[in-house]
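There are 2 protein chains.
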Amino acid sequence: MLQEPILTGTQNCAECPIRHRAVCARCETDELQRLEEVKYYRRFEAGQTIIWCGDRMDFVGSVVSGVATLSQTMEDGRTQMVGLLLPSDFVGRPGRPVAAYDVTATTDVLMCCFRKAPFEGLMADTPHIAHRLLEMTLDELDAAREWMLVLGRKTAREKIASLLSIIARRDAILHQRSKDAPVVFDLPLTREAMADYLGLTLETVSRQVSALRKDGVISLEGKRRITVPDLSRLLDEAGDDSAT
Amino acid sequence: MLQEPILTGTQNCAECPIRHRAVCARCETDELQRLEEVKYYRRFEAGQTIIWCGDRMDFVGSVVSGVATLSQTMEDGRTQMVGLLLPSDFVGRPGRPVAAYDVTATTDVLMCCFRKAPFEGLMADTPHIAHRLLEMTLDELDAAREWMLVLGRKTAREKIASLLSIIARRDAILHQRSKDAPVVFDLPLTREAMADYLGLTLETVSRQVSALRKDGVISLEGKRRITVPDLSRLLDEAGDDSAT
DNA sequence: GGGTGTCTTTGACCCAGATCAAATGTGGAT
DNA sequence: ATCCACATTTGATCTGGGTCAAAGACACCC
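So the sequence lines, in the order shown, correspond to chains D and A. Note that the UniProt record's numbering gives residue 221 to position 221 of the first sequence, counting from 1, and the numbers run on in steps of one. Note that the UniProt record's numbering gives residue 12 to position 12 of the second sequence, counting from 1, and the numbers run on in steps of one.
Here it is as structure tokens:
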């Protein structure tokens with residue numbers, strides 16, 4: 001809806017149909033031409049619903065900046081977040097006409113959208129885009145499966161630590177922090193959203209965050225800015241064997 | 001390792017690289033030629049581990065008959081199943097050299113395997129195979145996300161009912177039962193495997209299965225054969241809004 | 001037939017996390 | 001500055017499902 005995107009400072013690439021980083025080297029001129037014709041940008045405010053589950057969805061796109069969530073809700077109101085959309089993440093499923101999940105902006109969000117039909121055409125005759133999309137979907141599947149372990153088998157404290165590690169990792173990549181830079185980031189989620197991600201109640205989330213703070217695993221400035229003095233300690237709390 | 005597959009009676013197709021049903025119409029002769037060169041069959045016994053997480057994996061494939069599971073285990077032994085592989089499901093990730101999960105046969109399993117390098121070559125120059133694989137991966141992602149709701153927000157009773165509905169549905173498709181045929185199927189999982197799928201203990205699984213039986217939602221012959229007198233009642237117990 | 005190993009059920013008790021309730025920031029609008 | 005709408009914290013209590021323990025129920029083998 002905006003004429004020109006205001007991209008965040010890092011090397012996000014306005015042209016790449018899927019990721020906003022790293023893929024652009026492979027883009028060729030004629031594809032760009034076609035993409036420009038169908039590409040547009042949309043802004044959403046924190047708290048705003050981007051798409052309701054069941055809505056007709058005539059675009060796909062990716063998050064340029066901000067954080068959004070995918071979630072499912074049962075009739076009685078229980079909700080479970082099933083995906084966390086950080087910058088560069090893809091939204092929408094080619095080949096499906098309606099949204100399967102609610103998509104909600106948890107911070108202000110800038111999305112780069114492509115009308116679906118042309119995008120699908122592009123995919124059909126640009127193998128590397130289709131290939132890239134498969135790779136991304138497989139990554140998402142791995143993330144979902146890792147999350148199943150968290151939901152099914154971890155304690156409340158481990159769940160919180162797992163969520164914080166994930167956000168810390170993504171944040172480090174996004175801002176290209178060096179390996180040994182101090183780990184400080186903003187929590188883009190309310191306690192309730194964290195609870196919905198973790199299959200907990202917001203009270204339990206609050207208590208466990210406080211507990212991690214008391215135990216010196218993390219420290220807080222305000223409610224949202226988190227400092228992790230020793231990342232390996234946090235990974236340890238998460239029960240992640242992927243600690244290095 | 002076998003010279004010729006013994007396929008199950010239904011319209012499974014020995015030729016299709018990905019699914020064993022429904023896709024074959026699109027197969028073309030020269031592809032088949034290439035596939036035959038790299039295709040082989042392997043049998044596994046109930047309880048046998050097909051691949052350990054971290055193992056080098058030089059093939060991809062699909063389940064022809066039987067049931068296998070994908071699971072993750074923490075250092076302290078807690079395990080979570082992250083995928084249930086029923087006939088026609090795909091195993092393995094193109095482009096990744098090592099397995100990310102343990103794959104275990106829960107019944108006797110016949111797998112149709114393709115050596116990975118040639119399969120990837122085939123994928124690269126056969127768009128419809130790549131496309132089909134994307135579609136399947138997206139379906140798996142949806143299944144994983146549905147499962148996240150089960151793990152995160154459902155009660156033990158709802159979890160059991162959800163699992164039974166899923167197996168009933170897949171079984172009905174596999175055996176092409178008509179909509180209003182009586183719903184009877186064999187549970188291909190031990191109580192412990194069910195527990196690992198559902199994020200419960202085996203005792204709780206046992207108790208909840210008994211409770212559903214006492215309440216007349218299901219009935220059992222032996223430990224494994226299940227009859228569902230009224231499927232909509234089961235879906236109801238599962239808290240599934242997808243009841244029709 | 002009896003023995004043996006595995007799967008399953010059932011019982012008794014306990015605790016992590018849910019629920020209910022109230023107080024305490026915190027930021028924005030007027 | 002004051003008010004208001006939230007987000008968050010904290011406390012008290014309850015409970016679903018975990019844990020520990022023991023007893024069936026099969027299937028398979030000798």
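Don't be surprised by glycine CBs; every beta carbon is placed ideally from N, CA and C. Source: prediction; values computed, not measured.
Can you tell me whether residue i is helix, strand or coil according to DSSP?
| i | result |
| --- | --- |
| Ile218(A) | coil |
| Asp171(D) | helix |
| Gly47(A) | coil |
| Asp186(D) | strand |
| Met57(D) | coil |
| Ser206(D) | helix |
| Tyr41(D) | strand |
| Thr107(D) | coil |
| Leu149(A) | helix |
| Asp142(D) | helix |
| Gly83(A) | strand |
| Ser232(A) | helix |
| Ala68(A) | strand |
| Thr201(A) | coil |
| Asp102(D) | strand |
| Ser62(D) | strand |
| Thr155(A) | coil |
| Asp225(A) | Looking at the sequence shown, residue 225(A) is not Asp but Arg. Reduced to three states, the DSSP call for Arg225(A) is strand. |
| Thr73(D) | strand |
| Arg96(A) | coil |
| Arg115(A) | strand |
Go through its chain and collect everything with a Cβ distance to residue i's Cβ below 7 Å, but skip five positions before and after it.
| i | result |
| --- | --- |
| Lys159(D) | Val150, Leu198, Leu200 |
| Ala22(D) | Any reading at Ala22(D) is ruled out, since the residue's pLDDT is 32, under 50, leaving its predicted position unreliable. |
| Thr163(A) | It is worth fixing the name first, because residue 163(A) is Leu in this sequence and not Thr. Counting only Cβ-Cβ distances below 7 Å, and skipping sequence neighbours, we find Met194, Tyr197, Leu198. |
| Ala46(D) | Ala105, Thr106, Thr107, Asp108 |
Can you give me the Cβ contacts of residue i inside the same chain, cut-off strictly under 6 Å, excluding the 5 residues immediately before and after it?
| i | result |
| --- | --- |
| Arg170(D) | Leu86 |
| Val183(D) | Ala168, Val228, Leu231 |
| Cys53(A) | Ala99, Tyr101, Asp102 |
| Val38(D) | Phe114, Arg115, Pro118 |
| Ile166(D) | none |
| Pro188(A) | Val67, Thr106, Thr107 |
| Val205(D) | Arg191, Met194, Ala195 |
| Arg225(A) | Asp186 |
| Tyr40(A) | Cys113 |
My guess is that residue i and residue j are in contact by the Cβ rule of under 8 Å, so how many angstroms apart are they, rounded?
| i | j | result |
| --- | --- | --- |
| Ala238(D) | His131(A) | Actually they are not in contact, since the Cβ atoms of Ala238(D) and His131(A) sit about 37 Å apart, beyond 8 Å. |
| Leu70(A) | Val103(A) | 6 Å |
| Arg42(D) | Cys113(D) | 6 Å |
| Met57(A) | Gly92(A) | 6 Å |
| Arg153(A) | Gln80(D) | 5 Å |
| Phe90(D) | Ser65(D) | Between Ser65(D) and Phe90(D) the Cβ distance is about 15 Å, and since that is not below 8 Å, they are no contact. |
| Leu141(D) | Glu140(A) | 6 Å |
| residue 246(D) | Ala144(A) | The structure shown has nothing for residue 246(D), since chain D only spans 1 to 244. |
| Leu138(A) | Thr137(D) | 6 Å |
With distance defined between alpha-carbon atoms, name the residue in the options nearest to residue i.
| i | options | result |
| --- | --- | --- |
| Leu212(A) | Ala156(A), Gln176(A), Ala181(A) | Ala156(A) |
| Ala105(D) | Asp139(D), Tyr40(D), Thr190(D) | Thr190(D) |
| Gly83(A) | Gly47(A), Leu187(A), Pro97(A), Val67(A) | Val67(A) |
| residue 249(D) | Gly216(D), Asp186(D), Leu220(D) | There is simply no residue 249(D) to check, as chain D begins at 1 and stops at 244 in what is shown. |
| Asp186(A) | Asp55(A), Ile218(A), Thr137(A) | Ile218(A) |
| Met111(D) | Gly77(D), Glu146(D), Ile51(D) | Ile51(D) |
| Met74(A) | Ile173(D), Glu146(D), Asp55(D), Met136(D) | Glu146(D) |
| Pro97(A) | Leu138(A), Gly77(A), Gln72(A), Asp55(A) | Asp55(A) |
| Ala161(A) | Lys179(A), Ser210(A), Leu174(A) | Ser210(A) |
| Leu174(D) | Ser88(D), Gln72(D), Lys214(D), Leu220(D) | Ser88(D) |
Leaving aside the five residues before and after residue i along the sequence, list all residues of the same chain whose C-beta is less than 8 Å from its C-beta, in chain order.
| i | result |
| --- | --- |
| Thr49(A) | Asp102, Val103, Thr104, Ala105 |
| Pro94(A) | Val60, Lys116, Phe119, Glu120, Met123, Leu133 |
Would the beta-carbon of residue i be found less than 7 Å away from any heavy atom of the ligand COA?
| i | result |
| --- | --- |
| Arg157(A) | Here there are no bound small molecules, and the ligand COA is not part of this structure. |
Could you list the residues in the stretch 143 to 176 of chain D with a C-beta less than 7 Å from some C-beta on chain A, going in chain order? Ala144, Arg145, Trp147, Met148, Leu149, Leu151, Gly152, Arg153
Contact residues within the stretch 104 to 138 of chain D, judged by C-beta distance below 8 Å to chain A: Ala124, Pro127, Ala130, His131, Leu133, Leu134, Glu135, Thr137, Leu138
Quick one: which residues of the stretch 83 to 107 of chain A get their C-beta closer than 9 Å to a C-beta of chain D? List them in chain order. Gly83, Arg93, Pro94, Gly95, Arg96, Ala100, Tyr101
Return the residues of the stretch 181 to 198 of chain A that lie within a Cβ-Cβ distance of less than 7 Å from chain D, sorted by chain order. none
Near-chain D residues of the stretch 220 to 238 of chain A - C-beta to any C-beta below 8 Å: none
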